[in-house]
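Only one structure is covered here, and it is reproduced in the block below.
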Amino acid sequence: MISSKKIKAFFSFLMFFLVAMVDFYFSFQSIANYLTYPPDINYSWMGCFSLLFSITLLSVSIAPGYVAIYGIGMPDIAMKYLGRVIVITFVFSLVGALIFSVWYKYELEGIGYKKCVGIPSGWMPGTAERYTLDESICKLSNEGNDVS
């Protein structure tokens, strides 16, 4: 008979694994859309961070996966290394997102995109920037959004 500890660990593993896969899928779609260079782009650094962070989530799913298979916790030395892997992948996610963001914004401006002033509709302040090839789109989208 399967112990309740293994069942709980399996569902924990499944949760982290599925969240990581869904995160990877939608983030990959977002980055792929950015790289098609559509005429109007709402760019967010969180797309790249989310894509890379899915690696961290996969790393987190290893410990409950081990418990689900063997029925005991991971050895301390393995947990120590897993902790390091999680920290390293998290830092890699932050640094990778920063590097991609700087490169991508530079690339957009080099192609001729103009950065719109203001917050793109549907986004929280500081999370996204709007770029467009036609500046008149910026003016149209900002009409009625004046805060005074």
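The numbering of the sequence shown is this note's numbering, which starts it at 855 and goes up by one.
Note that CB positions come from ideal geometry on N, CA and C, so glycine has one too.
The model shown is predicted, which means the values in this text are computed figures rather than measured ones.
Mind checking who residue i pairs with in its DSSP beta bridge?
{"i": "Arg984", "result": "Asn896"}
{"i": "Lys969", "result": "Tyr985"}
For residue i, which residues from the same chain have a beta carbon less than 6 Å from its beta carbon, with the 5 sequence-adjacent residues on both sides left out?
{"i": "Val939", "result": "Ser913"}
{"i": "Val971", "result": "none"}
{"i": "Asp877", "result": "Ser904, Ser908"}
{"i": "Phe867", "result": "Ser915, Pro918, Gly919, Ala922"}
{"i": "Lys860", "result": "Ala922, Gly925"}
{"i": "Leu962", "result": "Tyr985"}
{"i": "Thr943", "result": "Ile909, Thr910, Ser913"}
Pick out whichever of the options has its Cα sitting closest to the Cα of residue i.
{"i": "Ile856", "options": "Tyr924, Val945, Ser884, Cys970", "result": "Tyr924"}
{"i": "Ser955", "options": "Met928, Leu889, Gly976", "result": "Leu889"}
{"i": "Phe907", "options": "Cys992, Thr986, Leu948", "result": "Leu948"}
{"i": "Val945", "options": "Ala932, Thr910, Lys968", "result": "Thr910"}
{"i": "Met875", "options": "Ala886, Ala922, Ser915", "result": "Ser915"}
{"i": "Gly964", "options": "Ile973, Tyr985, Leu936", "result": "Tyr985"}
{"i": "Leu952", "options": "Asp894, Trp899, Lys862", "result": "Trp899"}
{"i": "Met869", "options": "Pro979, Tyr960, Ile931, Pro918", "result": "Pro918"}
{"i": "Gly966", "options": "Leu936, Val873, Tyr891, Tyr879", "result": "Tyr891"}
{"i": "Lys862", "options": "Asn887, Val873, Gly927", "result": "Gly927"}
Give me the Cβ distance between residue i and residue j, rounded to the nearest whole Å; I'm assuming they're in contact under 8 Å.
{"i": "Ser881", "j": "Ser904", "result": "4 Å"}
{"i": "Trp977", "j": "Asn896", "result": "7 Å"}
{"i": "Asp988", "j": "Pro929", "result": "Going by Cβ atoms, the distance from Asp988 to Pro929 rounds to 60 Å, so no, they are not a contact pair."}
Can you find the residues in the same chain that come closer than 7 Å, C-beta to C-beta, to residue i, ignoring five residues on each side of it along the sequence?
{"i": "Ile885", "result": "Gly901, Cys902, Leu905"}
{"i": "Phe864", "result": "Ala922"}
For this session: Could I get the ranges of all uninterrupted alpha helix (DSSP H) runs contained in the stretch 883–942, with 4 residues as the minimum, in chain order?
Result: List check, alpha helix (DSSP H) in window: 899–914, 916–924.
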